[in-house]
Amino acid sequence: MSNVINFNREGILNKKYIRAKDIQKIFNIARSTVDNWAKKGYLIRHRIGRNIFYDVTEVELLQEMQWQA
């Protein structure tokens with residue numbers, strides 16, 4: 684994933700995050716679907732500054748689940 688952002692402050696060391704826009708491209712889904720996944724607990728929102736990011740490992744788990752289905 685080329686659009687991965689690394690943050691190294693405020694207790695979020697060595698974690699990689701991705702924006703909802705990039706999740707939409709990966710799964711070819713609408714933004715409302717990303718929001719629904721967050722509401723259902725499939726993804727956890729991380730507010731960093733004024734932006735919302737999602738943990739890359741959670742997105743990768745969803746990709747694995749998609750291929751298994």
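If you want this note's numbering, it's the 1-based position in the sequence shown plus 683. Where is the CB? At the ideal position from N, CA and C, for every residue including glycine.
### Message
Quick check on this structure: which residue in Gln707, Gln751 and Trp750 has the alpha carbon closest to the alpha carbon of Trp720?
### Response
Gln707
### Task
Please report how far the alpha carbon of Phe736 lies from the alpha carbon of Arg702, in whole angstroms.
5 Å
### Query
How big is the Cα-Cα spacing for Leu726 and Glu741?
6 Å
### Task
Alpha carbon to alpha carbon, how far is Val739 from Lys699? Give it in angstroms, no decimals.
6 Å
### Task
Work out the CA separation of Trp750 and Arg728 for me, nearest whole Å.
23 Å
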